[in-house]
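For the sequence shown, full-length UniProt numbering assigns the number 1 to the initial residue and increments by one for each residue that follows.
Each residue gets a CB set at the ideal place from its N, CA and C atoms; glycine is no exception.
Computed from a predicted structure; not experimentally measured.
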Amino acid sequence: METGQPSGNLSGNDLSSLSSTPATTLSRCSYAVSRRYQHFLDQTVPHILYRWISCLIVVLIYAIRVYLVQGFYIVTYGLGIYLLNLLIGFLSPQIDPEIHDGPALPTRGSDEFRPFVRRLPEFKFWYSITKAFCIAFVMTFFFVFDVPVFWPILLIYWVMLFLLTMRRQISHMIKYRYVPFSTGKQRYDGKKGPSTKIADLPKE
1 METGQPSGNL SGNDLSSLSS TPATTLSRCS YAVSRRYQHF LDQTVPHILY
51 RWISCLIVVL IYAIRVYLVQ GFYIVTYGLG IYLLNLLIGF LSPQIDPEIH
101 DGPALPTRGS DEFRPFVRRL PEFKFWYSIT KAFCIAFVMT FFFVFDVPVF
151 WPILLIYWVM LFLLTMRRQI SHMIKYRYVP FSTGKQRYDG KKGPSTKIAD
201 LPKE
């Protein structure tokens with residue numbers, strides 16, 4: 001009887017051929033690109049001012065593009081609705097006091113300081129806005145999204161929706177006594193405690 005190699009074992013040539021398939025190479029390249037992209041995002045976290053300046057530049061580029069083309073008002077309207085939802089998440093607390101009975105925010109000077117924790121953090125707020133404008137900018141190059149509409153009606157409807165939404169959000173802030181902005185740990189100006197310095201002993 002002939003003793004052949006078991007079918008379950010793969011030789012070194014077979015393993016090298018499997019590791020060099022186009023699908024494996026593509027997955028490795030995509031993984032390397034995603035790691036580099038995530039590393040770049042992690043480096044931009046502490047640079048808040050520069051991130052928002054870059055976001056403003058992207059917004060201006062999109063506005064100039066829409067102004068020159070004189071179209072894509074549906075895309076802009078959908079972008080405005082998405083930005084409004086992001087703004088509500090940015091201004092809302094992580095734990096809604098209407099739903100959860102968790103620890104409330106401090107309302108008196110004697111309460112323990114608890115910083116405001118947002119439902120949507122600042123970095124994700126910036127990243128979502130920038131990504132949305134980039135996607136909308138790419139969509140302006142496909143005229144299938146250029147639906148003919150009367151843009152003043154869309155603008156008036158969005159302004160009314162914005163005012164009603166912000167009115168509801170401000171009422172929610174007043175009802176539960178929270179401010180969606182905190183600059184750090186609160187300091188109270190009380191009486192100074194006893195001095196910790198060691199007093200000089202009287203000379204004999």
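Query                                                                                                                    : Result
Chain-order list of residues whose beta-carbon lies under 8 Å from that of E2 (same chain, five-residue window excluded) : Because the pLDDT at E2 is just 49, under 50, the model does not fix this residue reliably, and the value given afterwards should be weighed accordingly. Contacts found: none.
Alpha-carbon spacing of I170 relative to P180, whole angstroms                                                           : 10 Å
Simplified DSSP assignment, three categories, for P93                                                                    : strand
Helix, strand or coil at R28 [DSSP, three-state]                                                                         : helix
Where the alpha helix (DSSP H) through E122 begins and ends                                                              : E122 to M139
Three-way DSSP call (helix, strand, coil) for R118 in this model                                                         : strand
Extent of the continuous alpha helix (DSSP H) run through P152                                                           : W151 to Y176
Span separating the alpha-carbon of P97 from that of K124                                                                : 22 Å
Beta carbon of I129 nearer than 8 Å to that of L83                                                                       : yes
Proximity of F142 and Y62 at Cβ, strictly below 8 Å                                                                      : no
Minimum C-alpha distance to Y77 - residue among R168, I174 and A136                                                      : A136
C-alpha gap between T165 and M173, whole angstroms                                                                       : 12 Å
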